[in-house]
Amino acid sequence: MSYAQVEMEVIRWGEARQIVQNSNPRAQAIKTLEEVGELMQAITDNNREAMIDAYGDILVTLVMGCATADLDLVKCFAHAYEQIKDRKGYLSPEGIFVKES
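Here it is in structure tokens:
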């Protein structure tokens, strides 16, 4: 199944459960933060299955957040890429991205 197909199924799922109609971007952002916390725990525990679940749940909350804001997640993703595509820099040994000026 392609990303676009999965995204549409998630939106339909959210509409069927009144999430898109009754939620809002703030509520979905809070849910995303909860899921990020679960991801961090899965990474700490080195639990691959929990990481798969958490990454998927994060994507679902992002799709729902965009749907409640009448935004297209792929367009948001493309916009972010346009902002970073020409950045030069490197990742330091400490895990910090250092931008070249």
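Going letter by letter, the sequence shown gives residues 71 to 171 in the working numbering.
The beta carbon of each residue, even a glycine, is placed where N, CA and C say it ideally should be.
It should be emphasised that the depicted structure is a prediction, and the values quoted were computed from it without experimental measurement.
Could you tell me whether the Cβ atoms of residue i and residue j are closer together than 7 angstroms?
i           : j           : result
residue 143 : residue 132 : yes
residue 95  : residue 124 : no
residue 134 : residue 166 : no
Which word fits residue i, buried or exposed, when buried means at least 16 other C-beta atoms lie within 10 angstroms of its C-beta?
i           : result
residue 137 : buried
residue 153 : exposed
residue 91  : exposed
residue 111 : exposed
Measure how close the beta-carbons of residue i and residue j come, nearest whole angstrom, since I'm counting them as under 8 angstroms.
i           : j           : result
residue 106 : residue 128 : 6 angstroms
In angstroms, rounded to a whole number, what distance separates the CA positions of residue i and residue j?
i           : j           : result
residue 83  : residue 149 : 26 angstroms
residue 169 : residue 130 : 31 angstroms
residue 72  : residue 86  : 21 angstroms
residue 113 : residue 100 : 20 angstroms
residue 74  : residue 126 : 14 angstroms
residue 77  : residue 146 : 14 angstroms
residue 117 : residue 156 : 35 angstroms
residue 120 : residue 109 : 7 angstroms
residue 162 : residue 151 : 21 angstroms
By alpha-carbon positions, which one of the options ends up nearest to residue i?
i           : options        : result
residue 158 : 81, 98 and 171 : 171
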